[in-house]
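Let me begin by presenting the structure, written as structure tokens, before commenting on it.
In the numbering used here, the protein residues as written are 889 to 1667.
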């Protein structure tokens, strides 16, 4: 149940007469009783809205209560931005309720309660619209906010509870009513399957205050016409009547702008920060950021980064701030980094990386340092850098043996970082290596059986690393999966995915299984799979509400997984997404959630200790973004936070031990970046820290056990890199620390239990790599 954020202008059509006047009649007394019951069972913020009758029988708030003006002709407008709802309520219960999305023609629906009485007239009582005797055995009331049109039904007996149904007519922009991920609610979707409006599962209480739950079932009756039935899940004979139930419609509160290749970071307060990415209008990078509040299911602006960026990284630092690094500004990789402070909701510059880079990785070490590896722009980088959050500076550390971008970097239990795969000079890579933060050096380990980039690498509870999917030489997506055993330093095959995919997400669930969702195969995918390491097998995990790739996935404190943004690419055309979805591992089901304000992909998503997720940069539909957003998992909403100083994608974002986030390199749309930024969640600000020795994108960044960050490989915008840099958060400086055996970018980097880092795959010179390397921080 969500409290209304603002008061929405409500219009009632038809002639009302004296039914709107509080005259102390028995009819009004009964209406007050209905509202009092609602207030006691569904407590909310106190509503002080009063209404006045206007011309043609319209109903609108009095001047002292208005939060937004009403449009001439009776089309209400809500305060704020995003997908706000407007509602027109009928004069009598047998009329149509109209719900529409503000300023989005064709996105509306009208519903009529079947069997409703024409003599049940509207009354306004304590800010709610009440219909006594709406139909036999049913009283009805409405409460409206910019995000929700909530209906309350008081059901007198079993007959009333067993005979609830609506006729629904939709506008041309709504193609279908489908079951939501829970199977108990409905989602109104467009022709592409994108969610627009949601009718959540009805809930309520009986006279004993025992919980009551319902289910909505839609049956198509014709073109854009549906019959929607309400079914209670409890046995009616076991309920004590009257029963109070709350069906209604809510907006998906989409992001203001579609974005893909963005970042999404869980913040300490449970919200999720989304930054940068490309928009849906020509692939321009975005600097904007937004915060998602899961408790309210809404998005709010989170300021803008100083630099638009896409394909960057975003890392939640121990300080609570989020570090956004690198990415592309739409034309080239950038080295800049920025810090978002969620407390202040502001961005500040921090030191720039020595190398501009996008498609890199950023790994947070327990010490708070952030390791950025690889990346690049047109090529790949081997260089790695370390960000020191205390000093806000970058220092070079050992370079990877293989330059790579679009690789993976995984912090192992040992404190080492495993980097694998990616795209290197002209080919994809199967190579893997380990970074040792104690020594700042890399060591080559056994190569993967198959070269891959744009794959996923997930550290399992056993200490092994699962590499799944990706794209191999020749440009084909693959389904194969492999396991790296850090104790043996070897790879072994495991069961393949059911569908070949790259640019997907892989999330370790609380039960130790891995959720793989979306991605790109023969077009964008709407499928999901779960890997069970106990049996080495995959199983289906339901279908997403819509296909997407290059999205972000964030594990929330509740155990749910939030997918945000990305793009849908079908028939040779890509479109950035604002929509978001939640996966409930207990139900094994997907449901729509609040959407990002701007769409983004190739962004970073950094979870914060308090539960929020910080998303930075990435690609929008018009190029890299600088914006950042915070996701609040409790409310399921986004809010913007301070943006980076430069748009970037293919950067890294690493959560430092102090709670700050180190953002390194990336591509700003024009050049690869060397700049580095620190995000401070306490003030939601960004600050400069040491820059990289050279620009890089598509690298990996790994937080080592001592708090330093190892930056590996990536690209300088033309070539993959072998260079590795180490960031010392206490000094805010970078130092070189060895080099990869081979240049690589778009690889993975995983910190192993023995504190070494395993770097796997990636690409170099246009070919995917199978090689892997180990970095030993001790030497």
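The beta-carbon is built from N, C-alpha and C at its ideal position, and this holds for glycine as well.
Quick caveat: nothing in here was measured; it's all calculated off a predicted structure.
Here the C-alpha atom of residue 1634 lies approximately 24 Å from the C-alpha atom of residue 1327.
A straight line joining the alpha-carbon of residue 1125 with that of residue 1191 spans about 54 Å. In this structure, residue 1567 lies near residue 1205, with their beta-carbon atoms less than 8 Å apart.
The shortest C-alpha to C-alpha distance from residue 1264 to any of 1608, 1616 and 1645 is the one to 1608.
Each residue's CA atom was taken as its position, placing residue 1376 and residue 1223 some 36 Å apart. Contact between residue 1508 and residue 1166 holds: their C-beta atoms lie close to 4 Å from each other, under 8 Å.
Per DSSP, residue 1006 is not a residue of any alpha helix (DSSP H), being assigned neither H nor E. Burial is judged here by how many other beta carbons sit within 10 angstroms of a residue's own beta carbon; residue 1667 has fewer than 16 and is exposed.
In the three-state reduction of the DSSP assignment, residue 1227 falls in the strand class, which pools E and B. For residue 1047, the enclosing alpha helix (DSSP H) covers residues 1046 to 1050. Here residue 1243 carries a coil assignment [DSSP, helix/strand/coil]. Fully contained in the region 1421 to 1466 are the following beta strand (DSSP E) runs of length 3 or more, in chain order: 1425 to 1431, 1440 to 1443, 1449 to 1452, 1455 to 1458 and 1461 to 1464. By the criterion of a C-beta distance shorter than 7 Å, residue 1281 is surrounded in its chain by 1239, 1577, 1578, 1619, 1620, 1621 and 1622, once the five residues flanking it on both sides are discounted.
Here residue 1099 is exposed: its Cβ has fewer than 16 other Cβ atoms, across all protein chains shown, within 10 Å. At the C-beta level, residue 1361 and residue 1408 stay beyond 8 Å of one another. In the DSSP assignment, residue 1086 falls within the unbroken beta strand (DSSP E) covering 1083 to 1087. Judged by DSSP secondary structure, residue 992 falls outside any beta strand (DSSP E); it is assigned neither H nor E. Looking at 1469, 1378, 1319 and 1338, the one whose alpha-carbon comes closest to that of residue 1393 is 1469.
In the structure shown, the three-state DSSP call for residue 1542 is strand.
DSSP, reduced to helix, strand and coil, places residue 1634 within a strand of the structure shown.
In this chain, the beta strand (DSSP E) harbouring residue 1138 covers 1136 to 1139. Judged by DSSP in its simplified three-state form, residue 918 adopts helix.
Within the model, the alpha-carbon separation for residue 1387 versus residue 1342 is close to 15 Å. In this structure, residue 1665 places its C-beta atom within 8 Å of the C-beta atom of residue 1323. Short of 7 Å from the beta carbon of residue 1385, and not among the five residues preceding or following it, lie these beta carbons of its own chain, in chain order: 1356, 1357, 1367, 1369, 1404, 1417 and 1426. Under the three-state reduction of DSSP output, residue 924 falls in the helix class. Taking the C-beta atoms as reference points, residue 1000 is found no nearer than 8 Å to residue 1026.
Around the beta carbon of residue 1148, 16 or more other beta carbons sit within 10 angstroms, so the residue counts as buried. Looking at the backbone, the Cα of residue 990 and that of residue 1476 are separated by about 33 Å. Per DSSP, reduced to three states, the secondary structure at residue 1126 is helical. Around the beta carbon of residue 1060, a 10 Å sphere encloses fewer than 16 other beta carbons of the protein chains shown; the residue is thus reported as exposed. Between the alpha carbons of residue 1017 and residue 1004 lies a distance of about 16 Å. Taking C-beta separations shorter than 6 Å and ignoring five residues to either side along the sequence, the partners of residue 1420 in its chain run 1401, following chain order.
Taking 8 Å as the upper bound for CB-CB distance, residue 1164 and residue 1197 are in contact here, some 4 Å apart. Taking 8 Å as the cut-off, the Cβ atoms of residue 1087 and residue 1583 do not count as close.
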